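Only one structure is covered here, and it is reproduced in the block below.
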Amino acid sequence: MALNRLFIAILTFSSLLLTGCFTMLMMQDNKNTQTISIKSGDGEKYDFYIEGKLLCKNTDVCNYIHDADTPCRVSILMKRDDVTYRHMLYGYWGEGDKVYSQNMNYCPGNSLTIEPDSVIKKQEEAKRKKAAKDVWVKGPTKQNTKK
Numbered sequence: 005m006a007l008n009r010l011f012i013a014i015l016t017f018s019s020l021l022l023t024g025c026f027t028m029l030m031m032q033d034n035k036n037t038q039t040i041s042i043k044s045g046d047g048e049k050y051d052f053y054i055e056g057k058l059l060c061k062n063t064d065v066c067n068y069i070h071d072a073d074t075p076c077r078v079s080i081l082m083k084r085d086d087v088t089y090r091h092m093l094y095g096y097w098g099e100g101d102k103v104y105s106q107n108m109n110y111c112p113g114n115s116l117t118i119e120p121d122s123v124i125k126k127q128e129e130a131k132r133k134k135a136a137k138d139v140w141v142k143g144p145t146k147q148n149t150k151k
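Numbering-wise (this note's numbering), the sequence shown opens with residue 5 and increments by one.
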C-alpha cells in the first residue's frame with residue numbers, strides 16, 4: 005500500500021514537472037531577430053526614433069532589435085529637442101516587392117553610424133550662442149516699483 009502511494013506521488017510529481025517544462029518551452033519566444041547598434045557620428049547625444057516612435061532618448065548609442073521575419077526597411081530619425089539632424093532610410097528601400105528574397109529580412113550590418121547634417125548643426129549652434137549672448141547682454145530684468 006505504501007509502495008503504491010509512493011509510486012503515485014512520483015508519477016504525479018514527474019507529470020507536473022514535465023508539464024511545466026513543456027509549458028516553458030512553448031512560451032519561449034523563438035522570434036528571429038537582429039540587433040542593430042545605431043551611433044551618432046559626432047559622439048553627441050540625440051533622440052533616436054524608429055518608424056516615428058521614440059526608441060532611445062538623449063544618448064549617442066542606441067540598440068534597435070529588428071524582426072528578421074520582415075524585410076529590413078527602417079526609417080530612422082536623429083533629433084535633439086524638436087530639430088531633426090538626420091532622417092535616414094536604412095535597409096532595402098530601393099528594391100521592390102518583385103525582387104524580394106529572404107536575404108532582405110536581415111539588415112546589411114549590425115552597426116550603423118549616423119552623421120548629423122552639418123548645416124543644421126551649425127545653424128542650431130549659432131542659435132544657442134546668440135540666445136546665450138542675448139541673456140548675457142540684457143541681464144536680469146528690472147521691475148517697475150512705485151514709490
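Glycine residues also receive a C-beta, built at the ideal position from the N, C-alpha and C atoms.
Model, not experiment: these values are computed from the prediction.
With I118 and G45 assumed to form a contact (beta carbons below 8 Å), what rounded beta-carbon distance in angstroms separates them?
Confirmed, about 6 Å.
Who are the Cβ neighbours of A136 in its own chain at under 8 Å, not counting the five residues just before and after it?
Cβ neighbours of A136 beyond the five flanking positions: none.
Grab me the residues of M31's own chain with a C-beta within less than 6 Å of its C-beta, minus the 5 sequence neighbours each way, in chain order.
Residue confidence for M31 is low, a pLDDT of 49 falling below 50, so the modelled location carries little weight and cannot support an answer.
Pick out the complete beta strand (DSSP E) segments inside the segment 56-87, 3 residues or longer, and give them in chain order.
Qualifying beta strand (DSSP E) stretches, in chain order: 57-63, 65-71 and 77-84.
Can K83 and V65 be called in contact, C-beta distance under 8 Å?
Cβ distance not < 8 Å, so K83 and V65 don't count as in contact.
Identify whether S18 lies in helix, strand or coil by the three-state DSSP scheme.
Three-state DSSP puts S18 in a helix.
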